[in-house]
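Here is the structure we will look at.
Number of protein chains: 2
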Amino acid sequence: MTIGIVGAGQLGRMMALAGYPLGLDFLFLDRAGNSPGGQVAPILCGELDDPRLLATLARRSDVVTVDWENVSVAALRRLGPPGTVAPPLRALAVAQDRLAEKRLFARLGIPSTRHAAVDSRRALERAVRTIGLPGVLKTRRFGYDGKGQYVLRSADDLGSAWTQLGGAPLLYEEHVPFDFEVSIIGARSSRGEIVSYPLNANLHRGGILRLTRAPAGSPRLQRTARVFLEKVLGHFRYVGVLTIEFFVRRGQLIANEIAPRVHNSGHWTLEGAETSQFENHLRAILGLPLGSTRPRGHAAMINLIGRMPPRERFLAEPGVHWHDYGKEARPERKLGHCTIVEASAAARDRRARRLLLAIDPQTRIMGR
Amino acid sequence: MTIGIVGAGQLGRMMALAGYPLGLDFLFLDRAGNSPGGQVAPILCGELDDPRLLATLARRSDVVTVDWENVSVAALRRLGPPGTVAPPLRALAVAQDRLAEKRLFARLGIPSTRHAAVDSRRALERAVRTIGLPGVLKTRRFGYDGKGQYVLRSADDLGSAWTQLGGAPLLYEEHVPFDFEVSIIGARSSRGEIVSYPLNANLHRGGILRLTRAPAGSPRLQRTARVFLEKVLGHFRYVGVLTIEFFVRRGQLIANEIAPRVHNSGHWTLEGAETSQFENHLRAILGLPLGSTRPRGHAAMINLIGRMPPRERFLAEPGVHWHDYGKEARPERKLGHCTIVEASAAARDRRARRLLLAIDPQTRIMGR
Numbered sequence: 112m113t114i115g116i117v118g119a120g121q122l123g124r125m126m127a128l129a130g131y132p133l134g135l136d137f138l139f140l141d142r143a144g145n146s147p148g149g150q151v152a153p154i155l156c157g158e159l160d161d162p163r164l165l166a167t168l169a170r171r172s173d174v175v176t177v178d179w180e181n182v183s184v185a186a187l188r189r190l191g192p193p194g195t196v197a198p199p200l201r202a203l204a205v206a207q208d209r210l211a212e213k214r215l216f217a218r219l220g221i222p223s224t225r226h227a228a229v230d231s232r233r234a235l236e237r238a239v240r241t242i243g244l245p246g247v248l249k250t251r252r253f254g255y256d257g258k259g260q261y262v263l264r265s266a267d268d269l270g271s272a273w274t275q276l277g278g279a280p281l282l283y284e285e286h287v288p289f290d291f292e293v294s295i296i297g298a299r300s301s302r303g304e305i306v307s308y309p310l311n312a313n314l315h316r317g318g319i320l321r322l323t324r325a326p327a328g329s330p331r332l333q334r335t336a337r338v339f340l341e342k343v344l345g346h347f348r349y350v351g352v353l354t355i356e357f358f359v360r361r362g363q364l365i366a367n368e369i370a371p372r373v374h375n376s377g378h379w380t381l382e383g384a385e386t387s388q389f390e391n392h393l394r395a396i397l398g399l400p401l402g403s404t405r406p407r408g409h410a411a412m413i414n415l416i417g418r419m420p421p422r423e424r425f426l427a428e429p430g431v432h433w434h435d436y437g438k439e440a441r442p443e444r445k446l447g448h449c450t451i452v453e454a455s456a457a458a459r460d461r462r463a464r465r466l467l468l469a470i471d472p473q474t475r476i477m478g479r
Numbered sequence: 112m113t114i115g116i117v118g119a120g121q122l123g124r125m126m127a128l129a130g131y132p133l134g135l136d137f138l139f140l141d142r143a144g145n146s147p148g149g150q151v152a153p154i155l156c157g158e159l160d161d162p163r164l165l166a167t168l169a170r171r172s173d174v175v176t177v178d179w180e181n182v183s184v185a186a187l188r189r190l191g192p193p194g195t196v197a198p199p200l201r202a203l204a205v206a207q208d209r210l211a212e213k214r215l216f217a218r219l220g221i222p223s224t225r226h227a228a229v230d231s232r233r234a235l236e237r238a239v240r241t242i243g244l245p246g247v248l249k250t251r252r253f254g255y256d257g258k259g260q261y262v263l264r265s266a267d268d269l270g271s272a273w274t275q276l277g278g279a280p281l282l283y284e285e286h287v288p289f290d291f292e293v294s295i296i297g298a299r300s301s302r303g304e305i306v307s308y309p310l311n312a313n314l315h316r317g318g319i320l321r322l323t324r325a326p327a328g329s330p331r332l333q334r335t336a337r338v339f340l341e342k343v344l345g346h347f348r349y350v351g352v353l354t355i356e357f358f359v360r361r362g363q364l365i366a367n368e369i370a371p372r373v374h375n376s377g378h379w380t381l382e383g384a385e386t387s388q389f390e391n392h393l394r395a396i397l398g399l400p401l402g403s404t405r406p407r408g409h410a411a412m413i414n415l416i417g418r419m420p421p422r423e424r425f426l427a428e429p430g431v432h433w434h435d436y437g438k439e440a441r442p443e444r445k446l447g448h449c450t451i452v453e454a455s456a457a458a459r460d461r462r463a464r465r466l467l468l469a470i471d472p473q474t475r476i477m478g479r
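Same order as they appear, the protein sequences are chains A and B. Numbers in the working numbering are just positions in the first sequence, counted from 1, shifted up by 111. Numbers in the working numbering are just positions in the second sequence, counted from 1, shifted up by 111.
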C-alpha cells in the first residue's frame with residue numbers, strides 16, 4: 112500500500128519513517144529531489160500543483176495526503192472522488208484563509224480574536240478604529256512562521272504596514288496579551304474514531320516555534336480544548352491529524368489558527384507518546400484503529416533553527432533524541448529538533464532550559 | 112555521511128530507519144532490490160561477496176557494516192584499512208565458526224557447553240561416547256534459526272544425523288537441559304565506550320525465536336552477563352552492537368553463541384528502551400556517544416512468522432507497536448514483529464500471552 116505525499120519537507124519525512132514499520136510505501140511530490148522526504152522515499156520532481164505529476168502521484172498511491180497546508184485545493188480537487196485525498200479539501204481551503212478560519216471559529220462557538228477583513232487602506236483605518244491598537248495586520252493567505260504579519264503599535268504604523276502588506280487580501284486582528292500559548296493535536300479516522308494528545312505549551316520567538324512542553328495546562332483547559340477540537344473535526348468530517356493553536360489569557364482559550372496536518376508542536380510525540388502524531392495520521396487516513404496517545408512522561412521539544420548545533424555534544428546528553436531533517440543550513444530555517452522525556456515536569460524544565468541555552472546562548476525563552 | 116550495509120534484511124532496514132533522524136544516509140548491497148532494506152534506501156544489487164560491488168559500496172560510504180554475520184570475511188578484508196568496516200573482521204570470523212566461538216569462550220573463561228569437533232563418522236562416535244547423549248550435532252558454519260542442527264537422543268540417531276549433516280565441518284555439543292534462555296546485547300564504540308541493555312528472556316520454538324521479554328533475570332545474572340559481554344567486546348576491541356546468547360541452568364549462565372550484530376532479541380529496544388539497539392550500533396560505528404539503554408517499562412516482543420496476522424486487529428490493541436519488514440510470506444520466515452511495553456512484568460506477561468495465542472492458537476509457549 113502506497114501513500115502519496117504532496118510536499119516532501121520534514122513532516123512528510125517523519126510520516127514516511129513512522130509508516131515504514133506499518134508496512135507502507137511512500138511516494139513524494141516536491142520541487143527538490145534532495146528534500147527531506149526525497150532522502151527517505153521515492154520522489155516525483157516538479158511543482159506541487161502540476162496536474163500531470165499530481166495525477167501520476169494519485170495513480171501510484173492508494174491515498175494522497177499533504178506535508179504542507181498551502182497546496183492548491185483546485186489542483187487536488189481534480190485528483191478524483193472524495194476519499195482519494197486526506198485531509199478533506201474543505202478543511203485545507205479554510206486553513207488557507209485566515210478570514211475563513213475566523214468565520215469557522217465563530218460558527219462553531221470557539222472563542223477567537225476580534226478581527227476585520229482589510230482590502231483597502233481605508234478599511235485598515237476603519238478596522239484599527241473599531242478593534243483598537245495594538246493589533247496585527249496579516250495576509251489572509253500563505254502566512255507561516257510569522258511571515259506576512261505586521262504588528263501595529265500606534266496610528267503611525269498604519270502607513271508602513273500598508274506599504275508592506277497592502278495589495279494582498281488582509282486581516283486586522285486584535286493583539287492578544289496572552290499569558291501563554293498552547294496547541295491541541297488530534298486525529299479523526301475515516302471510520303470516525305477520534306483521539307487527541309495532551310495539550311502542548313508552545314514558546315515562539317521571532318514568530319518561530321522554539322520550544323514545546325507537554326503535557327501542559329490544567330485538566331479544565333485540556334477538556335475545553337478537546338471539545339473545540341471535536342467540533343472542528345466533526346464539522347469537516349475530518350480525516351487525518353489536525354492541530355488548533357490557542358492563546359491562553361486569564362485561563363481562557365482563544366483560538367488563533369488551525370493547521371490541517373501534523374504539527375511542529377507535536378514532534379515530541381515521537382518519543383514522548385505511545386503512538387506518534389505521524390503514525391496516527393497514517394492510521395487515520397487508512398481507516399486503521401488509532402493508536403494510544405498516552406504520554407510516556409514529561410516531554411520537551413526544542414527546534415534546531417538556522418544551523419545545527421554539534422550533534423556529538425547533544426548525543427552525549429543521556430536521553431536526548433536527535434532529529435536532523437537533512438536540510439541545508441539557512442538563517443531561521445527549521446533544520447531539526449531534539450526531544451527529552453523526563454519523569455517529572457520540573458526535571459524536564461531544568462533540562463530544557465539547559466539545552467536551550469546550549470543551542471542559543473542569546474535565548475531569553477524560559478529566562479535564565 | 113553514508114553508512115554502507117552488506118545485506119538488506121530487516122536488521123539493515125531497522126538500522127536505516129533509526130539512522131535517518133541522526134542525519135545519516137544509507138546504501139545497501141543485497142541480491143534482491145525489493146529486500147526490506149532496499150524498500151527504504153538505495154541499494155546495489157548483486158552477490159554479497161561481489162568484489163566490484165563491495166568496492167563501490169565502500170567508495171560511496173563512510174563506514175561499512177553488516178546486516179548478516181555470514182558475509183565473506185575474505186571479501187570484506189579487501190575493502191581497505193581497519194576502521195572501514197565495523198564490526199571487526201576477527202569477530203565476524205569467530206562468529207561464523209561454532210568451534211572458534213567455543214574456543215573463544217574457553218579462552219575468556221566464559222562457561223559454555225562441552226563439545227567436540229566432528230569431521231568424520233568415527234569422530235562423531237567418539238564425541239558421543241565422551242560427551243554423552245542427548246546431544247546436538249551442528250554444522251560449524253552457516254547455521255541460523257535452528258537450521259544445520261540435529262538432536263541425537265539415542266545411539267540409533269547417529270546414522271541419520273551423519274547422513275543429514277556429514278560432509279561439512281561439524282561440532283557435537285552436549286544438550287543442556289536449561290531452565291530458560293537469555294541474551295545480553297551491548298555496544299562498544301570506536302572510542303571504547305561500552306553500554307549494555309538489560310537481559311532478554313527468549314523463548315524459541317522449532318529453533319526460531321518466538322518471544323522476548325525484557326528486562327529479565329536477577330541482578331546477579333545481569334552482572335555476570337555484563338562481565339562476559341565486556342570480555343568479548345574487549346577481546347576484539349569490538350566496534351558496534353554484539354549479542355551473546357546463554358542458557359540458564361540452576362542460576363548459572365552457559366554461553367551458547369555470539370552474534371556480532373543487532374539481534375532479534377533486542378527488537379523490543381525500539382519502543383522499550385531510551386535508545387534502540389539500532390541507533391546504538393550506528394552511534395558506536397561512527398564514534399558518537401552511546402545512548403542511554405534505560406528500559407521504559409516491561410517490554411515483550413513477539414515475532415510474526417510465516418504469515419502476517421491481520422494488522423488491523425493488532426493495531427486496535429492499545430500500545431501494540433507493529434513492525435512489518437515488507438517481506439513476502441513464506442513458512443517459518445520472520446516477516447515482522449510486534450512489541451508491547453507495560454508498567455509491570457505481570458501486566459506485560461498477561462498481554463504477551465494473549466497476543467501470542469491470537470497470533471498462533473497452537474502455541475504452547477508460556478502455556479495457556
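Cβ coordinates follow ideal geometry from the N, Cα and C atoms, glycine included.
- Message: Give me, in chain order, the residues of the same chain whose beta-carbon lies closer than 8 Å to that of Pro-222 (chain A); leave out the 5 immediate sequence neighbours on both sides.
- Response: Non-local beta-carbon contacts of Pro-222 (chain A) in its own chain, meaning distances under 8 Å to residues more than five positions away in sequence, involve Phe-216, Gln-363, Leu-364, Ile-365 and Ala-366 in chain order.
- Query: In terms of residues, what are the limits of the beta strand (DSSP E) holding Asn-367 (chain A)?
  - Reply: 363–370
- Task: Could you give the DSSP three-state label for Gly-167 (chain B): helix, strand or coil?
- Result: What sits at residue 167 (chain B) in the sequence shown is Thr, not Gly. DSSP places Thr-167 (chain B) within a helical segment (H, G or I) once states are collapsed to three.
- Message: Bridge partners for Lys-249 (chain B) per DSSP, in chain order?
- Response: B:Gln-260 and B:Leu-282
- Query: chain B beta carbons: is any one of them nearer than 7 Å to that of Asp-173 (chain A)?
  - Reply: no
- What's the gap between the Cα of Glu-423 (chain A) and the Cα of Tyr-131 (chain B)? 16 Å
- Item | Neighbour flag for Glu-423 (chain B) against chain A, beta carbons, 7 Å | yes
- Task: Would you kindly work out how many angstroms separate the C-alpha atoms of Glu-356 (chain B) and Ala-312 (chain A), rounded to a whole number?
- Result: The alpha-carbon atoms of Glu-356 (chain B) and Ala-312 (chain A) are separated by roughly 45 Å.
- Item | For Lys-438 (chain A), three-class secondary structure by DSSP | coil
- Query: Exposed or buried, Val-306 (chain A), counting other C-beta atoms within 10 Å across all chains shown (16 or more means buried)?
  - Reply: Its Cβ being crowded by 16 or more others within 10 Å, Val-306 (chain A) is buried.
- Item | Proximal residues to Arg-479 (chain A) (C-beta, below 6 Å), its chain only, five neighbours per side dropped | With a pLDDT of 49 at Arg-479 (chain A), under the threshold of 50, the modelled position of this residue cannot be trusted; read the value that follows with caution. Cβ neighbours of Arg-479 (chain A) beyond the five flanking positions: none.
- Message: Using 7 Å as the threshold, is the C-beta distance between Leu-553 (chain B) and Gly-157 (chain B) below it?
- Response: Only positions 112 to 479 of chain B appear in this structure, which leaves residue 553 (chain B) out of reach.
- DSSP puts Asn-313 (chain A) in a beta bridge; with which residues? A:Glu-292 and A:Thr-323
- Message: In the DSSP output, which residue or residues are listed as bridge partners for Val-287 (chain B)?
- Response: Val-287 (chain B) pairs with nothing; no bridge assigned.
- Task: Would you mind listing the alpha helix (DSSP H) stretches within the region 425–472 of chain A that are 4+ residues and don't spill past its ends, in chain order?
- Result: 456–470
- Task: Give the interface partners of Ser-300 (chain A) over in chain B, defined as CB-CB distance under 7 Å, in chain order.
- Result: Under the 7 Å cutoff, chain B gives no residues; its nearest Cβ is about 11 Å from Ser-300 (chain A).
- Message: Quick check on Arg-475 (chain A): buried or exposed, where buried means 16 or more other Cβ atoms within 10 Å of its Cβ?
- Response: Taking all protein chains shown into account, Arg-475 (chain A) has fewer than 16 neighbouring C-beta atoms within 10 Å of its C-beta and is therefore exposed.
- Task: Answer yes or no: do His-432 (chain A) and Gly-447 (chain A) have a C-beta to C-beta separation smaller than 7 Å?
- Result: The answer is no: Cβ separation not under 7 Å.
- Message: If the criterion is Cβ atoms closer than 7 Å, does the pair Gly-417 (chain A) and Ala-454 (chain A) meet it?
- Response: no
- How close, in whole Å, do the beta carbons of Gly-191 (chain B) and Ala-169 (chain B) come, if the pair is a contact with beta carbons under 8 Å? Your pair Gly-191 (chain B) and Ala-169 (chain B) checks out as a contact, with CB atoms roughly 6 Å apart and the cut at 8 Å.
- Let me know the secondary structure DSSP gives Arg-479 (chain A) once reduced to three states. Note that Arg-479 (chain A) has pLDDT 49, beneath the 50 cutoff, so the model's placement of it is unreliable and no number is given.
- Query: What are the start and end residues of the alpha helix (DSSP H) that includes Asp-268 (chain A)?
  - Reply: 268–276
- Please name the residue in B:His-286, B:Leu-322 and B:Leu-219 whose C-alpha comes closest to that of Arg-465 (chain B). B:Leu-322
- Task: Return no unless some Cβ of chain B is closer than 7 Å to the Cβ of Gly-115 (chain A).
- Result: no
- Let me know the secondary structure DSSP gives Glu-158 (chain A) once reduced to three states. coil
- Between the CA atoms of Val-343 (chain B) and Leu-219 (chain B) - distance to the nearest angstrom: 8 Å
- Quick one, which of A:Ile-369, A:Asp-267 and A:Tyr-436 has its alpha-carbon nearest Ala-211 (chain A)'s? A:Ile-369
- Return the Cβ separation of Val-177 (chain B) and Val-117 (chain B) in integer angstroms, given the expectation that the two are a contact with Cβ distance under 8 Å. 5 Å
- Helix, strand or coil at Val-241 (chain A) according to DSSP, with G and I counted as helix: The amino acid occupying residue 241 (chain A) in the given sequence is Thr; Val does not appear at that position. Looking at Thr-241 (chain A) - three-state DSSP - the assignment turns out to be helix.
- Could you tell me if Pro-309 (chain A) is buried or exposed, where buried requires 16 or more neighbouring beta carbons within 10 angstroms of its beta carbon? buried
- Task: May I have the straight-line CA-CA distance separating Gln-260 (chain A) from Thr-241 (chain A), to the nearest angstrom?
- Result: 19 Å
- Straight-line CA distance for Ala-234 (chain A) to Leu-244 (chain A)? 15 Å
- Message: Spatial neighbours of Ala-279 (chain A) within its chain, please: C-beta separation below 6 Å, excluding the five flanking residues on both sides.
- Response: Thr-250
- Item | Neighbourhood of Gly-430 (chain B) by C-beta, 6 Å cutoff - its chain only, sequence neighbours within 5 removed | Ile-451
- Item | Contact belief for Gly-401 (chain B) with Asn-391 (chain B) at Cβ below 8 Å, rounded distance in angstroms | At residue 401 (chain B) the sequence reads Leu, which differs from the Gly that was named. Leu-401 (chain B) to Asn-391 (chain B), Cβ: 6 Å. Contact.
- Residues of chain A with CB under 7 Å from Trp-433 (chain B), in chain order? Pro-132 and Leu-133
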